[in-house]
Structures are given as structure tokens and as C-alpha cells.
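Everything on this sheet refers to the single structure shown next.
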Ligand SMILES: [Zn+2]
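Residue numbers (this note's numbering): 18 to 377.
Next up, the structure:
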């Protein structure tokens, strides 16, 4: 990749939809990210362009979601939902029914599919949909603020085109919907870094969940202790993700960039700065393969917007990153003593479980 083609996926149509005001998921994050990068001149110039999402078609959605579920979601959005819908997670506190819900879910997911197709047609080396990343949704389940699993769908479409797909999830929550979608497959490797599931939703993603059958060794979970800071995170990333990615040899990355692992997120307990996201992106770019990046969690609005703007800035080859970067955070010896041994134990456990499948 000489000059990278980076595409930012957004349309003001997305602004028509809101989760209920008391809900932590704020759809305005994508607009704010776009405003910030635009104000820095990072949407113009060579190698940078924008694309608008288009609603995902039903036939594509059905590659992952059941017809019954899609019907219930569409019906609920019209104000009619019953115990059957509720049993699928639709209309719960986490996944409320709101005006335009179906149209929003299908449009936001459609942005990720637009991004996948830009990569498949060699029109983009990096495509970023900050309105995507709904990694918790299941085939027949709304879960954790997610209704349509755009990232699982994108992995499916890329794999169907014959690509080896590396799904990397740095959202603070386990990327369960995607991990389980490919649990028995070896053409899509999923790697999720997340806070210890004993402390955080969805309660899955332990080291010993490694896939099954053909997929054994192709599902990687890295649970991180409360208080994990940049240096500890990067140690785990460099010792686990880098060799696994190298051994797997992906054709394309699907990268869920939830920003809720940052310090100050109201829903989680890690202590990262956005420098971690910058370093991870630097590593991914180093593999020289296309990257489909999405948003995800991130409930501190300002921190999330800055992290995603920083991510875009790096994707788009922007020089002016300084003002987007967090200051390095001080780490107390108490925090270091609590986190490092736990991280080291996790690293050893993951190595023992997964590395042998890859001759590492
Ligand atoms: Zn999350």
C-alpha cells in the first residue's frame, strides 16, 4: 500500500435516530467524530474520501439473523412487540424499542457492509464506520445495546469472498456475538481483548473459550484485570495478538474499536489512554492488509470521539495527532502490582491454550 485509500462512512441520515435519553448509547458520537476530523482537515486531500451507508438488505441480514428475529425487530419498531420479541431481547432496558429502531439498526449496519464492499472492490485500504460495531447481537437475540450484528455480517461477507478474516475486538466487553458466530470455523479468527468477564457484561470470554471442531484455536479471548493500564495492555497485545495474527496470515482485518476500555468510561473499569488504540492501529497497518474498522462501545462522549478521531487520523495518514492524544497516565505501584501478575497469568494461559494450534 503506497498511498492508502481511507474511507469514512457516515451520513446525516443517521442523526435522525436516538436511543431513549436515559440510555448510555449515544448515536451522536459518529457525527461528533466526523465534525472533529473534518475541522482538522482530515476528510479532504488525497487518499481520503467519504461514503454514505445504505440500509442492509434483508437477504444479507439473513446470513446471520433469523427471519423470525428480523420480523420481530421490524414489528417492534412499529410499536408492537410481545413476549416472543421480549424473549429475543427486544424491548429490554439494554435494548429498548425506540422510534425508527429498525431503520437505524439496518442503516448503521449497512454502513459496515458498504465498508466491506469498498474493501472487496479494492476501492479502500481502510474503511471506518464509527456507527458500526454491534458485536453483542446474536442470530436471534438483541443484546448489550446491539440489534444487528454488522461486524459478524461483514466477516461473513469477506469470508464468502474467499478472504481469511482476522476479527480484532478491543471494545472493553467480550465480542461474544462475533466469537460465537465463527466458533467452529478456521477461516475467521476472532481475537477479543476485554475486561475480566467476572466483573463485566456479558460474562463470557474466558481464556479457555478457544473455539471447537474446525475452529479450535481460532477463537482467542484475553480477559484483562480491572485497572489495566497502557503498558500492561500492550504487553498482552504484543505477546499474544501479534504472533497469532502473523501465524494466521489474514487477508483482511475487521476491527471493532469500542472506546469503552478508556479510563473514565462510566460502564467499565480499565485505565487505558487512547495511545493504546494508536499503537494497536500502528501494528495492524504494519501487516499491510486492508482494515475495516468500526465504532462500538464508548460511553464517555468526549473520550470516545477523541479516540475515534485519533484512529481516523492515523488511518488517513494525518500528521496532526498530537492534540487528539491523551496524556500518558501515571500508574501507581499498587496498580502495577495488582495488574501485572494478573496480565502475565492471562498471557501464559492463552499461550498454553491457543499457541499450539498455530505452531507457536
Ligand atoms: Zn463495550
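Positions of the beta carbon are idealized from the N, C-alpha and C atoms, including for glycine.
query, result
"Any idea if residue 99 is buried or exposed, counting beta-carbon neighbours within 10 angstroms, 16 or more meaning buried?", "exposed"
"Can residue 284 be considered in contact with ligand 1, in the sense that its beta carbon sits closer than 8 Å to one or more heavy atoms?", "yes"
"Have a look at 173, 266, 38 and 167 and flag the residue whose alpha-carbon is nearest the alpha-carbon of residue 202.", "173"
"Out of curiosity, what's the CA-to-CA distance linking residue 372 and residue 234?", "8 Å"
"Just list the residues that DSSP pairs residue 236 with in beta bridges.", "207"
"Rounded C-beta distance between residue 64 and residue 20? I'm assuming under 8 Å.", "5 Å"
"Quick check on this structure: which residue in 245, 269 and 316 has the alpha carbon closest to the alpha carbon of residue 354?", "245"
"On the DSSP bridge assignment, give the partners of residue 146 in chain order.", "311"
"Opposite residue 155 in the DSSP bridges: which residues?", "158"
"Provide the residue span of the alpha helix (DSSP H) that contains residue 68, from first to last.", "Element bounds for residue 68: not the alpha helix (DSSP H) but the beta strand (DSSP E), 65 to 68."
"Please classify residue 225: is it buried, with 16 or more other beta-carbons within 10 angstroms of its beta-carbon, or exposed?", "exposed"
"Indicate the three-state DSSP secondary structure (helix, strand or coil) for residue 18 in the structure shown.", "Reliability fails at residue 18, whose pLDDT of 44 lies under 50, so the model's placement of it is uncertain and no value is given."
"Would you mind listing the beta strand (DSSP E) stretches within the stretch 34 to 115 that are 3+ residues and don't spill past its ends, in chain order?", "65 to 68"
"Pull up the distance between the alpha-carbon of residue 18 and that of residue 271, whole angstroms please.", "Note that residue 18 scores a pLDDT of 44, beneath 50, so its modelled location is shaky; the value from the coordinates is reported in the next line. Distance between the alpha carbons of residue 18 and residue 271 is about 18 Å."
"Beta carbon of residue 181, beta carbon of residue 266: below 9 Å?", "yes"
"To the nearest angstrom, how far is the alpha carbon of residue 80 from that of residue 349?", "48 Å"
"For residue 101 and residue 89, what's the separation of their Cα atoms in angstroms?", "8 Å"
"Tell me whether residue 198 is buried or exposed, calling it buried when 16 or more other Cβ atoms sit within 10 Å of its Cβ.", "buried"
"Going by C-alpha distance, which of 184, 112 and 188 is nearest residue 154?", "112"
"By a C-beta neighbour count over all protein chains shown, 10 Å radius and 16 as the cutoff for buried, is residue 319 buried or exposed?", "exposed"
"What does the alpha-carbon distance come out to for the pair residue 367 and residue 139?", "35 Å"
"Would you say the beta carbon of residue 111 is closer than 8 Å to some non-hydrogen atom of ligand 1?", "no"
"Taking residue 297 and residue 254 to be in contact with their CB atoms under 8 Å, please state how far apart those CB atoms are, rounded to whole angstroms.", "6 Å"
"For residue 282, write down the residues that DSSP places opposite it in a beta bridge.", "Beta-bridge pairing links residue 282 to no other residue."
"Within the same chain, show all residues whose beta-carbon is closer than 7 Å to that of residue 133, passing over the 5 residues directly before and after it, in chain order.", "171, 174, 175 and 309"
"So residue 367 is in the alpha helix (DSSP H); what residue range does that whole segment cover?", "350 to 371"
"Since I believe residue 295 is in contact with residue 327 (beta carbons under 8 Å), could you give me their beta-carbon distance rounded to a whole number of angstroms?", "6 Å"
"Where does residue 37 land, buried or exposed, given buried means 16+ other C-beta within 10 angstroms?", "exposed"
"Could you tell me how far apart the beta carbons of residue 261 and residue 125 are, in whole angstroms, since I believe they sit closer than 8 Å?", "Actually they are not in contact, since the Cβ atoms of residue 261 and residue 125 sit about 29 Å apart, beyond 8 Å."
"Considering only heavy atoms of ligand 1, does any lie closer than 8 Å to the CB of residue 82?", "no"
"Could you spell out where the beta strand (DSSP E) holding residue 23 opens and where it closes?", "23 to 26"
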